[in-house]
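Trainee: Heads up: the sequence shown begins at 9 in the numbering used here, then just goes up one per residue.
Each residue gets a CB set at the ideal place from its N, CA and C atoms; glycine is no exception.
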Amino acid sequence: MSLNIKPLDETLSFGVRIAGLTQAMTEDKAVRREINDQFERAGMIVFENVEPTNAMQIALSNVFGPLKEHPVKSIARVDADGMPGVIELRSGPDSGGIVELDGQKLSHWLPWHFDHCYNDELNRAGILRAAKISPEGGLTGFLDGIALYELFPADLLTRIQG
């Protein structure tokens, strides 16, 4: 079996799509190396048509390194003992957090942010999996942080870098 790898989008400077991955393949050293190489080169991977289970999410997470506990203790865990660091975020029509943006009602809209930037060490990778996909909306946006940083004005970069 081999991985099917293609650009996330021809117009983007980052990201790839990987299809053809099974849970058994996550144990293969060559496959793990290829996935990590793609991640380091492209910065983001969308895994298409993978088994939508907790076991697959854990297997895939372990390709990038050992699981770490999520730093926010108040967020619900899927299984704190068997799956450290795996959290569950839920949102439904009656869960609150509905906002209106440009005349459109959105659930739990978040401004651009960098997950876990407040931790004492950087998170190598994070695996997001939608357990239930909304028939419309439900979009998650991503940016290339390196490309964004390189677009900062010179005076701002000087202040940031000290």
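If we ignore side chains and look at the alpha-carbon of each, how far apart do Met33 and Gly170 end up?
Mentor: Computed Cα separation, rounded: 45 angstroms.
Trainee: Is Phe72 closer than 8 angstroms to Met52 when the C-beta atoms are compared?
Mentor: Contact: no.
Trainee: Ordered along the chain, which non-local residues of its own chain (more than five positions away) have a Cβ less than 7 angstroms from that of Ala67?
Mentor: Same-chain partners within the cutoff: Gln31, Thr34.
Trainee: Cα-Cα, which of Leu156, Lys81, Ile26 is closest to Glu42?
Mentor: Comparing Cα positions, the closest option is Ile26.
Trainee: For Leu48, which option in Phe160, Asp152, Pro161, Leu159 has the closest C-alpha, if you only look at C-alpha atoms?
Mentor: With the sequence shown as reference, residue 48 is identified as Glu, and Leu is not the correct amino acid for it. Of the listed residues, the one whose Cα sits closest to Glu48 is Asp152.
Trainee: Taking only runs that begin and end inside the stretch 82-144, name each unbroken beta strand (DSSP E) of 3 or more residues, in chain order.
Mentor: The stretch 82-144 contains these whole beta strand (DSSP E) runs: 106-109, 112-115.
Trainee: To the nearest angstrom, how far is the alpha carbon of Ile106 from that of Leu97?
Mentor: Answer to the nearest angstrom: the Cα atoms are 15 angstroms apart.
Trainee: In chain order, what are the residue ranges of uninterrupted alpha helix (DSSP H) at least 4 long that sit wholly in the stretch 18-51?
Mentor: The qualifying runs are 37-50.
Trainee: Where does Ala50 land, buried or exposed, given buried means 16+ other C-beta within 10 angstroms?
Mentor: That one is buried.
Trainee: In the DSSP assignment, what are the bridge partners of Pro15?
Mentor: Note: Pro15 sits in a beta bridge opposite Val24.
Trainee: Are Glu77 and Gly93 close, meaning C-beta to C-beta below 8 angstroms?
Mentor: Yes.
Trainee: Can you give the Cα-Cα distance for Asp102 and Leu114, rounded to whole angstroms?
Mentor: Rounded to whole angstroms, Asp102 to Leu114 spans 12 angstroms at the Cα level.
Trainee: Please report the distance separating the alpha-carbon of Leu118 from that of Leu109.
Mentor: C-alpha separation (whole angstroms): 11 angstroms.
Trainee: Is it the case that the Cβ atoms of Asn131 and His124 are separated by a distance below 8 angstroms?
Mentor: The answer is yes: Cβ separation under 8 angstroms.
Trainee: Classify Phe72 as helix, strand or coil using the three-state DSSP reduction.
Mentor: Helix.
Trainee: With DSSP as the reference, please indicate the residues paired to Glu56 in a beta bridge.
Mentor: Ala27, per the DSSP bridge assignment.
Trainee: At which residues does the alpha helix (DSSP H) containing Leu165 begin and terminate?
Mentor: Element bounds for Leu165: 162-169.
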